[in-house]
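Asker: Numbering (our numbering), first residue to last: -18 to 393. For every residue, glycine included, the Cβ atom is placed at its ideal position computed from N, Cα and C.
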Ligand code: MG
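#1: Answer with buried or exposed for residue 277, where buried requires no fewer than 16 other C-beta atoms within 10 angstroms of its C-beta.
#2: Under 7 Å from any heavy atom of ligand 1, does the C-beta of residue 211 make it?
#3: Give the straight-line distance between the Cα atoms of residue 88 and residue 327, rounded to the nearest whole angstrom.
#4: Roughly how many angstroms separate the alpha carbons of residue 172 and residue 228, rounded to a whole number?
#5: Please report the straight-line C-alpha distance between residue 12 and residue 191, rounded to a whole angstrom.
#6: Taking C-beta to C-beta, are residue 95 and residue 363 nearer than 8 Å?
#7: Rounded to whole angstroms, what's the CA-CA distance from residue 19 to residue 113? Just pull it up for me.
#8: Closest to residue 69 by C-alpha separation, out of 322, 332 and 3, would be which residue?
#9: Would you mind reading off the limits of the beta strand (DSSP E) that contains residue 92?
#10: Tell me the DSSP secondary structure of residue 288 in three-state form.
#11: Please return the same chain residues whose Cβ sits closer than 7 Å to the Cβ of residue 356, not counting the five positions on each side in sequence.
#12: Where does the unbroken beta strand (DSSP E) through residue 11 begin, and where does it stop?
#13: Apply the 10 Å Cβ neighbour rule to residue 284 and answer buried if 16 or more other Cβ atoms are within range, or exposed otherwise.
#14: Quick check: what's the CA-CA separation for residue 365 versus residue 359?
#15: Run through DSSP, which three-state label would residue 201 get?
#16: Would residue 320 be called buried (16 or more neighbouring beta carbons within 10 Å of its own) or exposed?
#17: Would you be able to state if there are at least three C-beta pairs under 8 Å between the segment 58 to 73 and the segment 292 to 306?
#18: Report the CB separation of residue 280 from residue 250 in whole angstroms; it is logged as a contact under 8 Å.
#19: How many Å lie between residue 59 and residue 315 at the Cα?
#20: Residues bridged to residue 2 by DSSP?
#21: Where residue 35 and residue 50 are concerned, what is the direct C-alpha to C-alpha distance, given to the nearest angstrom?
#22: Can you tell me where the beta strand (DSSP E) holding residue 363 begins and where it ends?
#23: Answer yes if the segment 147 to 166 comes into contact with the segment 177 to 190, meaning at least three C-beta pairs across the two stretches below 8 Å, and no otherwise.
#24: Compare the C-alpha of residue 382 against each of -1, -13, -15 and -16 and name the closest.
#25: Does the Cβ-Cβ distance between residue 389 and residue -9 come in under 8 Å?
#26: Taking Cβ positions, are residue 338 and residue 101 nearer each other than 8 Å?
#27: In three-state terms, what does DSSP make of residue 104?
#28: Out of curiosity, what's the CA-to-CA distance linking residue 188 and residue 24?
#29: Look at the alpha carbon of residue 369 and the alpha carbon of residue 14, and state the distance between them as a whole number of angstroms.
#30: Out of 195, 205, 246 and 203, point me to the one whose CA is closest to residue 225's CA.
Written out as structure tokens, the structure is:
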């Protein structure tokens, strides 16, 4: 079997869901998804010649080939791995199809038949649609006659912060009613800014507002539901420690990305002084990105993103090393069903899986994007794994084309 082509398409979900299709001379096609990045389609297209004529079943060797080829451009980590992760996923899909077994079987078999999902609840209200550099845009699924005002997601001053706790509570209850047993909310929302947007410092008012937000969530859903919070790398060590101490009574599942990701020492300082498990990993690449923080327990929960970390073999290495260090894995995920199901195969195949993210409860066509799986894909907060070859689903191209990003190729 030989690779005959690599095609791409971008669908405007709440993020740019970027798909890779790898075609073979044997008629089998593999499907993978990449985490968005500026220039991603061009990167994917530039990697195609490295794959043409290769046996797609040599997944790990092809990963190494792409790694060696791109290292000359300085890609020891970073967004080239968003591209490579999507290619890697498509190759695993081909390998599974060629052998007639699901991807999780290739990874050593499953620990569980279904995968627990948590609902990312953003800032209480629906996260809209963001482009590759996080600018708000008109959601592709909005009817033509419906008005839309673009806003800066992280610095909206239109929202009344006083209304947010109630919105958080309502959102939490709605997700609980859908059957989710774990939720995540943002802490960096209107009303929690400090005096200066750049110095990473908070005020007592900011901390009090964060306490009010999470308090409203607990009031709405009680303590049986797991609740995590996300800081998006925004704060100083000293101030996020104040926040964490104030939030400790809420018995959170984790506190995500409290400080900028560049400094392991800063993260370590937070971890050593708070009693909430610290989670990080969505912006780390390859095994090497996780090695030190896992070995030294700077992180309590690791959150690799399968659509950018480097692919399934890399994610398995991270999970195995995390397991040796007794650290659970809760994969970050903002994907369409394609990337979500790639992640679900991985989650089934590792012992130390905690919960997998779902970020698209507001995108009305999320379930419609794939065929070959019972709908809704997430039922009672779980994804049931199928005993089908490869990824187990195919892209519904009619739906994908309807929401395709203009100006991007569509599998051409
Ligand atoms: Mg996050």
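Answerer: On the basis of the coordinates in this document:
#1: By the 10 Å Cβ count, residue 277 comes out exposed.
#2: Yes; taking the cut-off as 7 Å, the Cβ of residue 211 has a heavy atom of ligand 1 nearer than that.
#3: Whole-angstrom Cα-Cα distance: 7 Å.
#4: Straight through space, the alpha carbons of residue 228 and residue 172 are spaced by roughly 17 Å.
#5: Answer to the nearest angstrom: the Cα atoms are 41 Å apart.
#6: It is a contact, given that the beta carbons lie within the stated cut-off.
#7: Annotation: residue 19 to residue 113 spans about 5 Å, alpha carbon to alpha carbon.
#8: Ranking 322, 332 and 3 by CA distance to the CA of residue 69 puts 3 first.
#9: Residue 92 -> no beta strand (DSSP E), and no H or E assigned at all.
#10: Coil.
#11: So the qualifying residues of the chain are 348.
#12: That run of the beta strand (DSSP E) goes 10 to 15.
#13: When all chains shown are included, residue 284 counts as buried.
#14: Roughly 8 Å between the two C-alpha positions.
#15: Reduced to three states, the DSSP call for residue 201 is helix.
#16: It counts as buried.
#17: Put simply, the segment 292 to 306 touches the segment 58 to 73. At least three CB pairs are less than 8 Å apart.
#18: Incorrect: roughly 13 Å between the Cβ atoms, too far for contact.
#19: Put simply, the backbone Cα of residue 59 is about 17 Å away from that of residue 315.
#20: -12 and 12, per the DSSP bridge assignment.
#21: Roughly 15 Å between the two C-alpha positions.
#22: Unbroken beta strand (DSSP E) run through residue 363: 363 to 365.
#23: Taking 8 Å as the limit for Cβ pairs, the verdict is that the segment 147 to 166 does not touch the segment 177 to 190.
#24: Nearest option by C-alpha distance: -1.
#25: Result yes, Cβ atoms of residue 389 and residue -9 sit closer than 8 Å.
#26: A distance below 8 Å separates the beta carbons of residue 338 and residue 101.
#27: When secondary structure is reduced to three states using DSSP, residue 104 falls in the strand class.
#28: The straight-line gap from Cα to Cα measures roughly 42 Å.
#29: Rounded to the nearest angstrom, the two C-alpha atoms are 19 Å apart.
#30: Comparing alpha carbon positions, the residue from 195, 205, 246 and 203 closest to residue 225 is 195.
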